[in-house]
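Protein chains in written order, with our numbering: chain B, 347 to 711; chain U, 347 to 711.
Glycine is no exception: its CB is placed at the ideal position from the N, C-alpha and C atoms.
Being a predicted model, the structure only gives us computed values, none of them experimental.
These notes concern the structure reproduced below.
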């Protein structure tokens, strides 16, 4: 194999393909990229057995070929090359030579034996959305997945398509995060659970340009994301997600509207008094056009009033300030709406069009 | 006690005084600031029993007084206040109240009992230098102090004044770093060892403005740094530093001059092949006007040539690339000079005027 390419192109592809490289494994091949030079492209493949990535970049291919090379070593070498022009070659013993300027790296690669290539899957449904929108929807929901492996379903996110709507949801039994997006046309029903890790990795490489699109395809056991020169295929999590519709209700007793930044600052101060050993709630007392926030720890206390616009009854409720911060951090709106039923029912944070809905269970006070 | 001040002034002083706060200690008072309001100033004192800091800021003092308050709690509270105006008060029960905007923090402070204030010391010699220069001299030598506590002397840096020269040196038995500075006048001899931790903490708060001065005073057991509204007093390390003059020699066999950036890039690539388990040297072969660098690990190798200007004999020597990187990282000169005696003697990196001198022991090849 022999090709000449640009360091920048090589580096970009390496950064993408690194997202499915295992660092702690006894299977040497899973620490490697499958590097294939063919036609006028070089492709890198990585596979951690849950997520598989294939990404390619243009090159002057002099000899087509294929080789396995340790991903971390390739990442280090290419990232440190002195010049933009890179020559890459391998011989019949799978020895890799990399030249750039006066520098010459040599590394022992491996033959392409038993490498787990991306699975061949028949995908049934496909949607196209903006990469930036998907990135945002993941960011605005991923924080409430569960990290406990004993309930596998909760370590993933629900991706549900109904008619012309995509809904993404995560929950960890104390709180729920939901984002919805109107699609351009109607689609067949889809309801799958995508591993949280897959979504975190893909959101790191998605573009922040609203005009760049990603194609998402679903099968019974896999989801595929195609964008730019990259394909990512992930296994799905088996099982049934909680019935989210059942948790949503609209007959609230109290609604308040308040300035996001003022509320964020106040809750951020309250969170200073939360310690590992000492998880007291912030107590929110809503009365007329004011909300009083109070929190106590063993040797400190904090209180603050902020103005609100209220509809409905006065109310007193206790919440974990860290959960409120998680939500406020991902909302960009100037004003936010909170809905309450009573001091024992979840607090809802949502906008009028319900493109986002957050539920947080209260703490007894 | 009661005073009103600016959040910014309070925060700056807290950031300085935090450098002598212990976080893991059984002595509660050492986790506290001593806060004293007097005249039109508030002073914060901290003391980790090696380094003591006293720093002050202007305030409208309504009631003079003194209190101990947990440093981390104060840092958190003041840093998160909503407005620039801060009101601080404490009552006879040592309860602290902090007001800013609509926010109100309360915290249980402690009485000023048995707090270890800064020691009263008679200092004998004093020099004045630029804060920026001191900061640079520390940065350019601190990396080669030893982290092994079994030889206490090597965990500090030598500060030596001879006539009109200040010399700072550190060594860890494999390498030596020396920086010298010409002083404006002649001073009495000083030769002390300052703890590395003290120097690291002070260099974090020294100004980067060449015109801001620091006064450094020495006694038998202490060193004092005075700058701006801050005093830092540190204990010295007892013992005798190695005789550095004995290590310096000028009868080199080989001298090369090379471009710093080209050399740095090359050594940085060589360092990629250094692993915890596998510490091979970079072998430098100097021949005519070229230096060839080669390094091997168990499954990779790298080599590169760079142009040099040579005086004296050809030479082949093995060095740890990480030690060369440490030196190149702190030198800003465009060209650097390396001096060699033979392949078993230290390599010297120094400039013509010897304001910096670095020695690195070679590795047998």
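The Cβ of residue 606 of chain U sits no closer than 9 Å to any Cβ of chain B.
At least one beta carbon of chain U lies nearer than 9 Å to the beta carbon of residue 652 of chain B.
Going by beta carbons, residue 394 of chain B and residue 363 of chain B fall outside the 9 Å limit. In this structure residue 356 of chain U touches residue 403 of chain U by the C-beta definition: roughly 6 Å separates them, less than 8 Å.
Under the three-pair Cβ rule at 8 Å, the segment 690 to 706 of chain U does not count as touching the segment 646 to 659 of chain U.
Taking C-alpha positions only, residue 670 of chain U is separated from residue 604 of chain U by approximately 13 Å. Any Cβ of chain B closer than 9 Å to the Cβ of residue 423 of chain U would place that residue at the interface, and such an atom is present. In this structure the segment 606 to 615 of chain U does not touch the segment 581 to 598 of chain U; the number of beta carbon pairs closer than 8 Å is below three. Taking the C-beta atoms as reference points, residue 614 of chain U is found no nearer than 9 Å to residue 453 of chain B. For residue 533 of chain U, the uninterrupted beta strand (DSSP E) segment begins and ends at 521 to 541. Contact of residue 689 of chain U with chain B by beta-carbon distance below 9 Å is absent, the smallest such distance being about 23 Å. Note that the C-beta distance between residue 595 of chain U and residue 686 of chain U is not below 9 Å.
Taking 8 Å as the Cβ-Cβ cut-off, the segment 448 to 477 of chain B approaches chain U at 448, 449, 450, 451, 452, 453, 454, given in chain order. Here DSSP, grouped into helix, strand and coil, assigns residue 405 of chain U to coil. Rounded to whole angstroms, the separation of the alpha carbons of residue 462 of chain U and residue 373 of chain U is 11 Å. Between residue 672 of chain B and chain U, the shortest Cβ-Cβ separation is not below 9 Å. Under the 9 Å criterion on CB atoms, residue 618 of chain U is classed as interfacial with respect to chain B.
Distances from the CA of residue 535 of chain B to each of B:524, B:513, B:509 were compared; the closest alpha carbon is that of B:509.
Contacts between residue 426 of chain B and chain U, judged by CB atoms closer than 7 Å, involve 614, 615, 618 in chain order. For the segment 619 to 649 of chain B, the set of positions with a beta-carbon nearer than 7 Å to some beta-carbon of chain U reads 645, 646, 647, 648, 649 in chain order. Taken through DSSP and simplified to helix, strand or coil, residue 445 of chain U comes out as strand. In chain order, 428 make up the part of chain B whose C-beta sits under 7 Å from the C-beta of residue 611 of chain U. CA-CA distance, residue 590 of chain B to residue 683 of chain B, rounds to 20 Å. Here residue 663 of chain B has 630, 686, 689, 693, 708 as same chain residues with Cβ atoms under 7 Å from its own Cβ, once five neighbours each way along the sequence are excluded. At a Cβ-Cβ threshold of 9 Å, residue 401 of chain U and residue 544 of chain U do not count as neighbours. Taking C-alpha positions only, residue 495 of chain B is separated from residue 369 of chain B by approximately 20 Å. With a threshold of 9 Å between beta carbons, residue 432 of chain B makes no contact with chain U. Taking 9 Å as the threshold, the shortest C-beta distance from residue 603 of chain U to chain B does not fall below it. At a cut-off of 9 Å between beta carbons, residue 419 of chain U contacts chain B. Contact between the segment 543 to 563 of chain B and the segment 524 to 534 of chain B is absent, with fewer than three C-beta pairs closer than 8 Å. Residue 399 of chain B is positioned such that its CB atom lies closer than 9 Å to that of residue 464 of chain B. Judged by their CB atoms, residue 349 of chain U and residue 417 of chain U are not nearer to each other than the 9 Å cut-off. By the beta-carbon neighbour count (other beta carbons within 10 angstroms, threshold 16), residue 391 of chain B is buried. Annotation: the segment 599 to 680 of chain B contains the following complete segments of the alpha helix (DSSP H) (minimum length 4 residues), in chain order: 606 to 617, 667 to 676. If you ignore the 5 residues before and after residue 415 of chain U, its C-beta comes within less than 7 Å of the C-beta of 378, 379, 381, 442, 453, 455, all in its own chain and listed in chain order.
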